[in-house]
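Residue numbers (UniProt numbering): 1 to 67.
Just so you know, even glycine gets a beta-carbon here, dropped at the ideal spot from N, CA and C.
Please read all numbers here as calculations on a predicted model, not as lab measurements.
Working notes, structure below.
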Amino acid sequence: MEGEFFGTAIIGTKGQFVIPKQARDKLDMQPGDQIVLFGGKEGVMAVMKADQLSGLLAKLGINDVLK
């Protein structure tokens, strides 16, 4: 999936945005799933499903981040 483009989103007045359907389908994101947002240099943002991170976070001793 490296380098795959899924489309764009508009941030609404409440600060919400919709993840494009193609991305939700490819990443198996369902209503109610918890996601984690990461920010990087130059305004880059990454989105991951929280359950994909739970094992790594547990190893790092950061279990209480995802609730």
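Is the beta carbon of residue j closer than 7 Å to that of residue i?
{"i": "Gln30", "j": "Ala50", "result": "no"}
Give the secondary structure of residue i by DSSP, where H, G and I count as helix, E and B as strand, and everything else as coil.
{"i": "Lys49", "result": "strand"}
{"i": "Ala33", "result": "According to the sequence as given, residue 33 is Asp; it is not Ala. Note: Asp33 maps to coil in three-state DSSP."}
{"i": "Gly55", "result": "helix"}
In the DSSP output, what is residue i paired with across the bridge?
{"i": "Val44", "result": "DSSP, once it has assigned bridges, lists no residue as partnering Val44."}
{"i": "Phe38", "result": "Ala46"}
Skipping 5 residues on each side, what residues in its chain have a beta carbon closer than 7 Å to that of residue i?
{"i": "Val18", "result": "Ala9"}
For residue i, which residues from the same chain have a beta carbon less than 8 Å from its beta carbon, with the 5 sequence-adjacent residues on both sides left out?
{"i": "Gln22", "result": "Phe6, Gly7"}
{"i": "Met45", "result": "Leu37, Phe38, Gly39"}
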